[in-house]
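To convert, take the position in the sequence shown, counting from 1, and add 38; that gives my numbering.
Cβ coordinates follow ideal geometry from the N, Cα and C atoms, glycine included.
Small disclaimer: the values here were computed from a predicted structure and weren't measured.
Notes follow once the structure below has been shown.
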Amino acid sequence: MKKQFSEIIQYKGLLRNLVANELKLRYRNSVLGFLWTILNPLFFLLILALVFSQIMKFQIENYHIFILSGLTAWLMIQQTVVVATASIVNNQDLIKKVYIPKILFPLSSVLARYVDHLILTGVLIGFMIAFHVPLTWNLLFLPVVIFFHFLFSLGFSLIAAVFYIKVRDVQHIIAIIFQAFFYLTPIIYTVNIFPQQYQKFFLLNPFYYFIHSFRFPVYYAQFPPWWILLRVLVITVFTLGAGMFIFFKNEKYFVFHLS
Numbered sequence: 039m040k041k042q043f044s045e046i047i048q049y050k051g052l053l054r055n056l057v058a059n060e061l062k063l064r065y066r067n068s069v070l071g072f073l074w075t076i077l078n079p080l081f082f083l084l085i086l087a088l089v090f091s092q093i094m095k096f097q098i099e100n101y102h103i104f105i106l107s108g109l110t111a112w113l114m115i116q117q118t119v120v121v122a123t124a125s126i127v128n129n130q131d132l133i134k135k136v137y138i139p140k141i142l143f144p145l146s147s148v149l150a151r152y153v154d155h156l157i158l159t160g161v162l163i164g165f166m167i168a169f170h171v172p173l174t175w176n177l178l179f180l181p182v183v184i185f186f187h188f189l190f191s192l193g194f195s196l197i198a199a200v201f202y203i204k205v206r207d208v209q210h211i212i213a214i215i216f217q218a219f220f221y222l223t224p225i226i227y228t229v230n231i232f233p234q235q236y237q238k239f240f241l242l243n244p245f246y247y248f249i250h251s252f253r254f255p256v257y258y259a260q261f262p263p264w265w266i267l268l269r270v271l272v273i274t275v276f277t278l279g280a281g282m283f284i285f286f287k288n289e290k291y292f293v294f295h296l297s
């Protein structure tokens, strides 16, 4: 493991170029460019706010901030993992030609996505100011929460990338799983709308803790409860550790499965 970390440091210049190249390719020949980072979730927010606040009559104060905070936290994980899953396969021509630490590809893909997510977080703060939602000192904890999101996304992406090399259906399966968990996670609603005996089942959902750790300093203007942070830490360490173990254990066989 020490060798892999030293290689990442050694190839940090290449890592920066891979991140920059991915950002350029994503928005090449696009008129609006980075604005799509903002427009896509904002359009989604508009639809959700209309349906759940007007049609389904969800009575939640500052519902647009409630949704956008949950949606921002969710997209940090969902979009990152779905895209990074194919990072090794998409760079197979380069992998076959020269030696490059293979972890640089999913790492660069995750880093590039988090550039978008940081922009969206800035838009969220802008919405809070525009709608006179108080900005408290608790927001200073937000970078720590985002860092945990990043590490969890990286670990998840490493696992997904390995399995995608062997089974190309994995990316579709992951997309379906995320689609299901979007509605099973309190992103557009609060758990209080369910009877007390059913609320405990949400605690079995790992995404629950990431959404709430992000939402507390933003929407509730409070420091996240320690029990949520503890679970975020445990889930992050386990996922990242498992992802790195599986990735480094299998990376020498990648070339045999790429075609």
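Taking C-beta separations shorter than 7 Å and ignoring five residues to either side along the sequence, the partners of leucine 189 in its chain run Thr274, Leu278, following chain order. Non-local C-beta neighbours of glutamine 260 in its own chain, meaning closer than 7 Å and more than five positions away in sequence, comprise Asn176, Phe254, ordered along the chain. Here arginine 64 carries a helix assignment [DSSP, helix/strand/coil].
Between isoleucine 212 and valine 127, the CB-CB gap reaches or exceeds 8 Å. For aspartate 154, the enclosing alpha helix (DSSP H) starts and ends at 142-168. By the C-beta criterion, the stretch 107-123 is judged to be in contact with the stretch 141-155, since at least 3 inter-stretch pairs fall below 8 Å.
Between proline 139 and glutamine 237, the C-beta gap is not smaller than 8 Å, which leaves the two residues out of contact. When only Cα atoms are considered, tyrosine 257 and serine 44 end up about 40 Å apart.
In this structure, the alpha-carbon of glutamate 289 lies about 22 Å from that of alanine 150. An exposed status is given to asparagine 55, since fewer than 16 other beta-carbon atoms sit within 10 Å of its beta-carbon.
Within the stretch 184-250, the alpha helix (DSSP H) runs of at least 4 residues that lie entirely inside it are, in chain order, 208-222, 234-237. Taking one beta carbon from each stretch, the stretch 106-118 and the stretch 154-173 have 3 or more pairs nearer than 8 Å; the two touch. Separation of isoleucine 184 and asparagine 78 (C-alpha to C-alpha, rounded to the nearest whole angstrom) is 20 Å.
Around the CB of proline 263, fewer than 16 other CB atoms lie within 10 Å, so the residue is classed as exposed. In the structure shown, proline 181 adopts helical secondary structure according to DSSP, grouped into three states. Only buried fits glycine 193, as 16 or more other CB atoms lie within 10 angstroms of its CB. In the structure shown, proline 255 adopts helical secondary structure according to DSSP, grouped into three states.
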